[in-house]
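Chains as they are written, first to last, in the working numbering: chain A, 2 to 112; chain B, 1367 to 1480.
Each residue gets a CB set at the ideal place from its N, CA and C atoms; glycine is no exception.
Just so you know, these numbers come straight off a predicted model, no measurement behind them.
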C-alpha cells in the first residue's frame, strides 16, 4: 500500500547532538515537504523539494537542512540540536488527485 | 496574499449534536480550500477539498463543507457528532492548486461529550 513513513515517532535528545529525522514514501510523488507544528500554532513550511536534487527553504526560517538524493527519501538533519528545536515535525508528499499526504510525525524534544 | 482564520481554537459538542467548525479565508485569486483532521499522535489526513467545482463538498466520515464566496468562508459541518470525531481540525488555503503554497489555520480542537 502506498504510504509515507516517518521515523522515529518520538525522540528525546541532548543539546548539541546531531540528529536526522527520516521520511520515506512509496507514493511515487515528486513533491515532498517538511512542516513544523507547535501546539496552538499554524503549521509552518520549513523545507520542500520538487524532485531529486531539488530542495528549497520554506516560509519559516529553520536551522535544519534537507537532502533529496532519491525520490522516495527526504531526510531532515539538525547539526546541533537546541531546546528551541523542540517541536513536532511533519513530512508530506503532494500528488495530483491526492493532494497532501502526511506522515505520522516525529515529536522531537531537546533537553 | 492568502490567509486562513479558524474561529475557536476549542469547540465542544455533545455526542449526536451538530458539529460546526468555522473557517474564513483571504485570497487574491479563486482559492483551493482544504480541511484536514489530525488525531492524537498522528499526521494530518485530508477530510475534503474545494477546487472550484461544486460549492458543497462532501468528505470522509460524514463531514461536508460549503464554499461561500460572498462570505469568504468554508465552514465544516457534520449533522451528528460521534465520539470518534474528537480530534484537531485544520483549514487550509492555496492560491495555486495546492502544491506550491498552502497556508494552514491554527487548528480547532473538537471535543465530543458523551
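If you look at residue 32 (chain A), you'll find it in the beta strand (DSSP E) that goes 32–38. Contact annotation, residue 82 (chain A) with residue 18 (chain A): C-beta distance approximately 5 Å; criterion of less than 8 Å satisfied. In the three-state DSSP reduction, residue 54 (chain A) falls in the coil class, being neither helix nor strand. Taking C-alpha positions only, residue 1475 (chain B) is separated from residue 1401 (chain B) by approximately 13 Å. Against chain B, a Cβ distance below 8 Å from residue 42 (chain A) picks out 1472. Against chain A, the CB of residue 1415 (chain B) has a partner CB under 8 Å away; the residue lies at that interface.
By alpha-carbon distance to residue 38 (chain A), the top candidate from A:97, A:92, A:55, A:13 is A:92.
In terms of Cβ geometry, residue 46 (chain A) and residue 59 (chain A) form a close pair [threshold 8 Å]. Cα atoms of residue 15 (chain A) and residue 1428 (chain B): separation of roughly 44 Å, rounded to the nearest angstrom.
Between the segment 96–107 of chain A and the segment 1441–1455 of chain B there are fewer than three inter-stretch CB-CB distances shorter than 8 Å, so the stretches are not counted as touching.
A contact between stretches requires three or more CB pairs, one per stretch, nearer than 8 Å, and the segment 1425–1439 of chain B fails this requirement with the segment 1372–1383 of chain B. When secondary structure is reduced to three states using DSSP, residue 105 (chain A) falls in the coil class, being assigned neither helix nor strand. Residue 1428 (chain B) is outside the set of residues whose beta carbon lies under 8 Å from a beta carbon in chain A.
If the five residues before and after residue 1383 (chain B) are omitted, its C-beta is found closer than 8 Å to the C-beta atoms of 1446, 1447, all from its own chain and listed in chain order. Nearest Cα to residue 84 (chain A) within the set A:64, A:73, A:77: A:64. Assigned with DSSP and collapsed to three states, residue 86 (chain A) falls in helix.
The C-beta distance from residue 1410 (chain B) to residue 1404 (chain B) rounds to 5 Å, short enough to meet the 8 Å contact threshold.
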